[in-house]
Amino acid sequence: MRDPELQARTEQVRAFNRFYTRAIGILDKGYLDSPFSLTEVRVLYELRHRDGPTAAALARDLGLDAGYLSRLLGRFEAKGWLRRDRQPGDGRSSSLHLTPTGIATFDPLEEASSRDIAAMLAGLPAAGQERLLGAMATIRGLLDGPEAGSGGWLLRPHRVGDFGWIVQRHGELYAAEYGWDIRFEGVVAGIAADILARFDPATDACWIAEKDGRRIGSVAVVAKAPELAQLRILIVDPAARGLGVGRRLVAECLDFARRAGCYRRMTLSTYSCLAAARRIYEAAGFRLVEQRPERNYGHDLVAETWAIDL
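Written out as C-alpha coordinates, the structure reads:
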(Lines of atoms letter the chains of each structure in order from A; the text may use other names.)
(Lines give C-alpha, C1' and ligand atoms only; values in the text may rest on other atoms or scores of the structure.)
Protein backbone atom coordinates (compact mmCIF):
# COMPACT_ATOMS: atom_id res chain seq x y z
CA MET A 0 0.00 0.00 0.00
CA ARG A 1 1.90 3.05 -1.26
CA ASP A 2 -0.52 5.86 -0.43
CA PRO A 3 0.43 6.90 3.14
CA GLU A 4 -2.88 8.68 3.75
CA LEU A 5 -4.88 5.63 2.67
CA GLN A 6 -2.68 3.40 4.83
CA ALA A 7 -3.27 5.64 7.87
CA ARG A 8 -7.03 5.58 7.28
CA THR A 9 -6.96 1.82 6.86
CA GLU A 10 -5.29 1.45 10.26
CA GLN A 11 -7.92 3.72 11.81
CA VAL A 12 -10.70 1.51 10.43
CA ARG A 13 -8.94 -1.63 11.70
CA ALA A 14 -8.52 -0.05 15.12
CA PHE A 15 -12.22 0.83 15.22
CA ASN A 16 -13.13 -2.74 14.19
CA ARG A 17 -10.99 -4.15 17.03
CA PHE A 18 -12.63 -1.78 19.51
CA TYR A 19 -16.19 -2.45 18.36
CA THR A 20 -15.92 -6.23 18.22
CA ARG A 21 -14.67 -6.12 21.81
CA ALA A 22 -17.36 -3.63 22.87
CA ILE A 23 -20.26 -5.80 21.67
CA GLY A 24 -18.79 -9.11 22.79
CA ILE A 25 -18.11 -10.76 19.44
CA LEU A 26 -14.73 -12.01 20.68
CA ASP A 27 -16.31 -14.02 23.49
CA LYS A 28 -16.16 -17.80 23.12
CA GLY A 29 -19.93 -18.01 22.69
CA TYR A 30 -21.93 -15.04 21.49
CA LEU A 31 -24.02 -13.57 24.34
CA ASP A 32 -22.74 -16.34 26.64
CA SER A 33 -24.53 -18.88 24.45
CA PRO A 34 -23.23 -21.98 22.64
CA PHE A 35 -23.79 -20.23 19.30
CA SER A 36 -21.35 -18.44 17.04
CA LEU A 37 -22.13 -14.96 15.75
CA THR A 38 -22.94 -16.40 12.32
CA GLU A 39 -25.40 -18.92 13.78
CA VAL A 40 -27.17 -16.20 15.75
CA ARG A 41 -27.35 -13.99 12.65
CA VAL A 42 -28.92 -16.79 10.61
CA LEU A 43 -31.41 -17.47 13.41
CA TYR A 44 -32.23 -13.76 13.46
CA GLU A 45 -32.99 -13.73 9.74
CA LEU A 46 -35.17 -16.82 10.05
CA ARG A 47 -37.05 -15.23 12.95
CA HIS A 48 -37.70 -11.89 11.28
CA ARG A 49 -38.08 -12.70 7.59
CA ASP A 50 -41.14 -14.16 5.96
CA GLY A 51 -39.98 -17.59 4.79
CA PRO A 52 -36.68 -16.84 3.02
CA THR A 53 -35.04 -19.46 0.83
CA ALA A 54 -31.56 -20.79 1.54
CA ALA A 55 -30.31 -19.15 -1.64
CA ALA A 56 -31.65 -15.76 -0.53
CA LEU A 57 -30.04 -16.12 2.90
CA ALA A 58 -26.68 -17.07 1.41
CA ARG A 59 -26.81 -14.12 -0.99
CA ASP A 60 -27.97 -11.52 1.52
CA LEU A 61 -25.59 -12.60 4.29
CA GLY A 62 -22.63 -13.26 2.01
CA LEU A 63 -22.31 -16.86 3.23
CA ASP A 64 -20.92 -19.84 1.37
CA ALA A 65 -23.89 -21.93 0.19
CA GLY A 66 -22.35 -25.20 1.38
CA TYR A 67 -21.57 -23.83 4.82
CA LEU A 68 -25.09 -22.41 5.17
CA SER A 69 -26.60 -25.72 4.04
CA ARG A 70 -24.72 -27.60 6.77
CA LEU A 71 -25.73 -25.02 9.36
CA LEU A 72 -29.40 -25.23 8.35
CA GLY A 73 -29.15 -29.02 8.48
CA ARG A 74 -28.02 -28.82 12.11
CA PHE A 75 -30.90 -26.49 12.93
CA GLU A 76 -33.34 -28.88 11.28
CA ALA A 77 -31.91 -31.89 13.13
CA LYS A 78 -32.46 -30.09 16.44
CA GLY A 79 -36.08 -29.39 15.55
CA TRP A 80 -35.58 -25.61 15.20
CA LEU A 81 -36.27 -25.33 11.47
CA ARG A 82 -38.93 -26.47 9.04
CA ARG A 83 -38.89 -26.30 5.25
CA ASP A 84 -42.03 -25.61 3.21
CA ARG A 85 -41.99 -26.34 -0.51
CA GLN A 86 -42.73 -23.23 -2.53
CA PRO A 87 -45.79 -23.53 -4.80
CA GLY A 88 -44.78 -24.13 -8.39
CA ASP A 89 -41.09 -24.69 -7.57
CA GLY A 90 -40.32 -28.13 -6.14
CA ARG A 91 -36.60 -27.36 -5.99
CA SER A 92 -36.91 -24.47 -3.53
CA SER A 93 -38.20 -24.32 0.05
CA SER A 94 -39.11 -21.44 2.32
CA LEU A 95 -37.47 -21.64 5.72
CA HIS A 96 -39.25 -21.03 9.02
CA LEU A 97 -38.32 -21.37 12.67
CA THR A 98 -40.44 -23.87 14.56
CA PRO A 99 -41.91 -22.95 17.96
CA THR A 100 -38.88 -24.69 19.49
CA GLY A 101 -36.57 -22.63 17.30
CA ILE A 102 -38.34 -19.43 18.32
CA ALA A 103 -38.05 -20.38 21.99
CA THR A 104 -34.33 -20.99 21.44
CA PHE A 105 -33.67 -17.71 19.66
CA ASP A 106 -35.86 -15.21 21.52
CA PRO A 107 -33.83 -15.28 24.78
CA LEU A 108 -30.72 -14.48 22.71
CA GLU A 109 -32.43 -11.48 21.14
CA GLU A 110 -33.62 -10.29 24.54
CA ALA A 111 -30.08 -10.63 25.93
CA SER A 112 -28.68 -8.67 22.99
CA SER A 113 -31.25 -5.92 23.52
CA ARG A 114 -30.35 -5.73 27.21
CA ASP A 115 -26.64 -5.46 26.45
CA ILE A 116 -27.13 -2.72 23.86
CA ALA A 117 -29.56 -0.87 26.13
CA ALA A 118 -26.98 -0.97 28.94
CA MET A 119 -24.34 0.42 26.59
CA LEU A 120 -26.63 3.23 25.44
CA ALA A 121 -27.73 4.00 29.00
CA GLY A 122 -24.16 5.03 29.77
CA LEU A 123 -24.53 7.93 27.34
CA PRO A 124 -26.66 11.07 27.68
CA ALA A 125 -29.57 11.40 25.25
CA ALA A 126 -27.55 13.70 22.98
CA GLY A 127 -24.70 11.19 22.93
CA GLN A 128 -27.08 8.38 22.02
CA GLU A 129 -28.39 10.40 19.08
CA ARG A 130 -24.84 11.16 17.90
CA LEU A 131 -23.95 7.47 18.09
CA LEU A 132 -27.02 6.39 16.11
CA GLY A 133 -26.42 9.12 13.56
CA ALA A 134 -22.81 8.00 13.11
CA MET A 135 -23.93 4.40 12.66
CA ALA A 136 -26.48 5.44 10.03
CA THR A 137 -23.77 7.40 8.21
CA ILE A 138 -21.39 4.42 8.19
CA ARG A 139 -24.10 2.10 6.95
CA GLY A 140 -25.27 4.49 4.26
CA LEU A 141 -21.74 5.03 2.94
CA LEU A 142 -20.78 1.35 2.87
CA ASP A 143 -24.12 0.05 1.57
CA GLY A 144 -23.94 2.33 -1.45
CA PRO A 145 -26.72 4.38 -3.04
CA GLU A 146 -28.49 1.39 -4.56
CA ALA A 147 -28.79 -0.57 -1.30
CA GLY A 148 -32.55 -0.49 -0.88
CA SER A 149 -32.91 -1.37 2.82
CA GLY A 150 -29.89 0.36 4.33
CA GLY A 151 -29.61 3.53 6.29
CA TRP A 152 -32.83 3.52 8.33
CA LEU A 153 -33.41 2.63 11.94
CA LEU A 154 -36.17 2.15 14.49
CA ARG A 155 -36.32 4.01 17.79
CA PRO A 156 -38.89 4.53 20.56
CA HIS A 157 -41.09 7.61 20.31
CA ARG A 158 -40.09 10.87 21.97
CA VAL A 159 -41.42 14.41 22.38
CA GLY A 160 -42.64 15.82 19.06
CA ASP A 161 -43.17 12.49 17.30
CA PHE A 162 -46.94 12.33 17.76
CA GLY A 163 -47.33 15.78 16.27
CA TRP A 164 -45.59 14.46 13.15
CA ILE A 165 -47.71 11.30 13.16
CA VAL A 166 -50.94 13.31 13.12
CA GLN A 167 -49.70 15.75 10.48
CA ARG A 168 -48.32 13.06 8.15
CA HIS A 169 -51.49 10.95 8.35
CA GLY A 170 -53.56 13.99 7.42
CA GLU A 171 -51.30 14.98 4.53
CA LEU A 172 -50.86 11.52 3.01
CA TYR A 173 -54.45 10.36 3.21
CA ALA A 174 -55.67 13.63 1.73
CA ALA A 175 -53.15 13.41 -1.13
CA GLU A 176 -53.51 9.69 -1.88
CA TYR A 177 -57.17 8.96 -1.06
CA GLY A 178 -58.85 12.36 -0.97
CA TRP A 179 -59.93 12.00 2.66
CA ASP A 180 -61.03 15.24 4.28
CA ILE A 181 -59.70 16.97 7.38
CA ARG A 182 -61.90 14.92 9.72
CA PHE A 183 -59.45 12.03 9.33
CA GLU A 184 -56.63 14.15 10.75
CA GLY A 185 -58.89 14.91 13.71
CA VAL A 186 -59.52 11.20 14.30
CA VAL A 187 -55.78 10.48 14.25
CA ALA A 188 -55.21 13.36 16.67
CA GLY A 189 -57.72 11.76 19.03
CA ILE A 190 -56.00 8.39 18.76
CA ALA A 191 -52.62 10.00 19.43
CA ALA A 192 -53.95 11.87 22.47
CA ASP A 193 -55.49 8.67 23.86
CA ILE A 194 -52.25 6.71 23.40
CA LEU A 195 -50.19 9.37 25.17
CA ALA A 196 -52.71 9.80 28.01
CA ARG A 197 -52.89 6.08 28.75
CA PHE A 198 -49.35 5.02 27.82
CA ASP A 199 -47.93 2.26 30.03
CA PRO A 200 -44.50 0.94 28.94
CA ALA A 201 -45.36 -2.48 30.37
CA THR A 202 -48.20 -2.97 27.91
CA ASP A 203 -47.76 -0.27 25.24
CA ALA A 204 -45.04 0.69 22.78
CA CYS A 205 -44.51 3.06 19.87
CA TRP A 206 -41.73 3.09 17.30
CA ILE A 207 -40.54 5.69 14.83
CA ALA A 208 -38.66 4.68 11.67
CA GLU A 209 -35.99 7.20 10.79
CA LYS A 210 -33.65 7.68 7.84
CA ASP A 211 -30.92 10.30 7.68
CA GLY A 212 -32.46 11.99 10.72
CA ARG A 213 -35.91 12.24 9.10
CA ARG A 214 -39.02 10.38 10.23
CA ILE A 215 -40.27 7.92 7.63
CA GLY A 216 -42.76 5.75 9.53
CA SER A 217 -44.54 4.96 12.77
CA VAL A 218 -46.56 2.31 14.56
CA ALA A 219 -47.88 1.64 18.06
CA VAL A 220 -49.26 -1.29 20.03
CA VAL A 221 -51.56 -0.57 22.97
CA ALA A 222 -53.83 -2.43 25.37
CA LYS A 223 -57.40 -2.54 24.05
CA ALA A 224 -58.89 -4.97 26.57
CA PRO A 225 -57.65 -7.67 28.97
CA GLU A 226 -55.42 -10.02 26.94
CA LEU A 227 -56.14 -8.05 23.74
CA ALA A 228 -53.57 -5.76 22.08
CA GLN A 229 -54.33 -3.28 19.29
CA LEU A 230 -52.01 -2.18 16.49
CA ARG A 231 -52.40 1.53 15.71
CA ILE A 232 -51.04 4.49 13.67
CA LEU A 233 -49.07 2.47 11.12
CA ILE A 234 -47.77 4.77 8.41
CA VAL A 235 -44.84 4.68 5.98
CA ASP A 236 -43.73 7.77 4.09
CA PRO A 237 -43.95 7.35 0.29
CA ALA A 238 -40.20 8.03 -0.04
CA ALA A 239 -39.48 5.01 2.16
CA ARG A 240 -41.85 2.49 0.62
CA GLY A 241 -40.15 -0.62 -0.70
CA LEU A 242 -37.54 -0.65 2.08
CA GLY A 243 -39.41 -3.15 4.26
CA VAL A 244 -40.26 -0.48 6.84
CA GLY A 245 -43.93 -1.44 7.17
CA ARG A 246 -43.18 -5.15 7.60
CA ARG A 247 -40.56 -4.40 10.25
CA LEU A 248 -42.87 -2.05 12.17
CA VAL A 249 -45.62 -4.67 12.30
CA ALA A 250 -43.12 -7.37 13.31
CA GLU A 251 -41.91 -5.16 16.18
CA CYS A 252 -45.48 -4.85 17.45
CA LEU A 253 -46.02 -8.60 17.37
CA ASP A 254 -42.70 -9.32 19.08
CA PHE A 255 -43.42 -6.75 21.81
CA ALA A 256 -46.92 -8.11 22.43
CA ARG A 257 -45.62 -11.65 22.74
CA ARG A 258 -42.84 -10.63 25.12
CA ALA A 259 -45.21 -8.55 27.25
CA GLY A 260 -46.80 -11.78 28.46
CA CYS A 261 -50.26 -10.26 29.01
CA TYR A 262 -51.76 -10.63 25.54
CA ARG A 263 -53.32 -13.58 23.77
CA ARG A 264 -54.56 -11.78 20.65
CA MET A 265 -53.90 -8.63 18.62
CA THR A 266 -56.42 -6.72 16.53
CA LEU A 267 -56.33 -3.76 14.15
CA SER A 268 -58.74 -1.61 12.15
CA THR A 269 -58.21 -0.57 8.54
CA TYR A 270 -60.09 -0.01 5.28
CA SER A 271 -60.36 -2.25 2.23
CA CYS A 272 -58.87 0.43 -0.04
CA LEU A 273 -55.55 0.42 1.84
CA ALA A 274 -54.11 -2.42 -0.25
CA ALA A 275 -50.44 -2.08 0.73
CA ALA A 276 -51.20 -2.12 4.46
CA ARG A 277 -53.54 -5.11 4.05
CA ARG A 278 -50.77 -7.08 2.31
CA ILE A 279 -48.41 -6.37 5.21
CA TYR A 280 -50.98 -7.51 7.76
CA GLU A 281 -51.77 -10.68 5.84
CA ALA A 282 -48.08 -11.55 5.41
CA ALA A 283 -47.57 -11.12 9.17
CA GLY A 284 -50.31 -13.65 9.91
CA PHE A 285 -53.32 -11.39 10.53
CA ARG A 286 -56.67 -12.60 9.21
CA LEU A 287 -59.71 -10.58 8.18
CA VAL A 288 -62.51 -11.16 10.72
CA GLU A 289 -65.07 -8.43 9.95
CA GLN A 290 -66.11 -6.03 7.19
CA ARG A 291 -68.74 -3.28 7.35
CA PRO A 292 -69.65 -0.43 4.97
CA GLU A 293 -69.51 3.10 6.35
CA ARG A 294 -69.48 6.69 5.17
CA ASN A 295 -66.38 8.48 6.46
CA TYR A 296 -64.01 11.31 5.54
CA GLY A 297 -66.16 12.21 2.53
CA HIS A 298 -66.16 8.70 0.97
CA ASP A 299 -68.05 5.41 0.99
CA LEU A 300 -65.62 2.97 2.60
CA VAL A 301 -65.47 -0.62 3.77
CA ALA A 302 -64.10 -0.76 7.32
CA GLU A 303 -62.25 -3.93 8.28
CA THR A 304 -61.10 -5.62 11.48
CA TRP A 305 -58.11 -7.96 11.33
CA ALA A 306 -56.79 -10.17 14.15
CA ILE A 307 -54.04 -12.64 15.00
CA ASP A 308 -53.61 -15.07 17.88
CA LEU A 309 -50.38 -14.55 19.78
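Residue numbers are given in numbering that gives the first Met the number 0: position 160 of the sequence shown equals residue 159, and the series is strictly consecutive. For every residue, glycine included, the Cβ atom is placed at its ideal position computed from N, Cα and C.
**Request:** Note down, one range per segment and in chain order, each beta strand (DSSP E) of at least 3 residues found wholly within the region 150-203.
**Result:** 152-156
**Message:** If contact is defined by three or more beta carbon pairs under 8 Å, each pair taking one atom from either stretch, is the region 300-309 in contact with the region 63-75?
**Reply:** no
**Asked** Candidates Leu-43, Arg-114, Ser-113, Tyr-67: which alpha carbon is nearest Thr-100's?
**Response** The residue given as residue 100 occupies position 101 in the sequence shown. Minimum Cα distance to Thr-100 is reached at Leu-43.
**Asked** Going straight from the alpha carbon of Ala-14 to that of Thr-137, what length do you get?
**Response** Here residue 14 corresponds to residue number 15 of the sequence shown, with the count starting at 1. Here residue 137 corresponds to residue number 138 of the sequence shown, with the count starting at 1. A direct Cα-Cα distance of roughly 18 Å separates Ala-14 from Thr-137.
**Asked** Does the Cβ-Cβ distance between Val-217 and Ile-234 come in under 9 Å?
**Response** Here residue 217 refers to the residue found at position 218 when the sequence shown is read from its first residue. Here residue 234 refers to the residue found at position 235 when the sequence shown is read from its first residue. Before going on, a small fix: residue 217 reads as Ser here, not Val. For the pair Ser-217 and Ile-234, the CB atoms are nearer than the 9 Å cut-off.
**Asked** If you follow the alpha helix (DSSP H) that Gly-245 is part of, which residue opens it and which one closes it?
**Response** As a first step, residue 245 must be located in the sequence shown, where it is residue number 246. Here the alpha helix (DSSP H) through Gly-245 covers 244-259.
**Item:** Leu-63 versus Ala-77 - alpha carbon distance
**Value:** As a first step, residue 63 must be located in the sequence shown, where it is residue number 64. As a first step, residue 77 must be located in the sequence shown, where it is residue number 78. Between Leu-63 and Ala-77, the C-alpha separation is close to 20 Å.
**Message:** As a quick exercise: from Leu-309, Ala-54, Arg-91, pick the residue whose alpha carbon is nearest that of Thr-266.
**Reply:** Against the sequence shown, residue 266 aligns to sequence position 267. Residue Leu-309 is the option with its Cα nearest to Thr-266.
**Item:** Beta-carbon proximity of Ala-239 to Ala-208, cut-off 9 Å
**Value:** By one-based count along the sequence shown, residue 239 stands at place 240. By one-based count along the sequence shown, residue 208 stands at place 209. Cβ distance < 9 Å, so Ala-239 and Ala-208 count as in contact.
**Asked** Three-state secondary structure (DSSP) at Tyr-296?
**Response** Here residue 296 is taken as the residue at index 297 of the sequence shown, counted from 1. Here Tyr-296 sits in coil by DSSP.
**Request:** Just mark Tyr-296 as buried or exposed, buried being the case when its beta carbon has 16 or more other beta carbons within 10 Å.
**Result:** Stepping through the sequence shown from its first residue, residue 296 is reached at position 297. Buried, by the Cβ-count rule.
**Request:** Assuming Leu-242 and Trp-152 form a contact by the criterion Cβ under 8 Å, report the distance between their Cβ atoms to the nearest whole angstrom.
**Result:** As a first step, residue 242 must be located in the sequence shown, where it is residue number 243. As a first step, residue 152 must be located in the sequence shown, where it is residue number 153. About 6 Å separates the two Cβ atoms, so the contact holds.
**Message:** If I measure Cβ to Cβ from Glu-226 and keep anything under 8 Å in the same chain, skipping five residues before and after, which residues do I get?
**Reply:** Your numbering for residue 226 matches position 227 in the sequence shown. Around Glu-226: Cys-261, Tyr-262, Arg-263, Arg-264.
**Prompt:** Straight-line CA distance for Gly-160 to Leu-154?
**Reply:** For this step, residue 160 is matched to residue 161 along the sequence shown. For this step, residue 154 is matched to residue 155 along the sequence shown. Rounded to whole angstroms, Gly-160 to Leu-154 spans 16 Å at the Cα level.
**Message:** Going by DSSP in three states, Leu-108 sits in which element: helix, strand or coil?
**Reply:** As a position in the sequence shown, residue 108 is number 109, starting the count at 1. Residue state, collapsed to three classes: helix.
**Prompt:** Going straight from the alpha carbon of Phe-198 to that of Arg-17, what length do you get?
**Reply:** Taking the first residue of the sequence shown as 1, we reach residue 198 at position 199. Taking the first residue of the sequence shown as 1, we reach residue 17 at position 18. Cα to Cα, Phe-198 sits roughly 41 Å from Arg-17.
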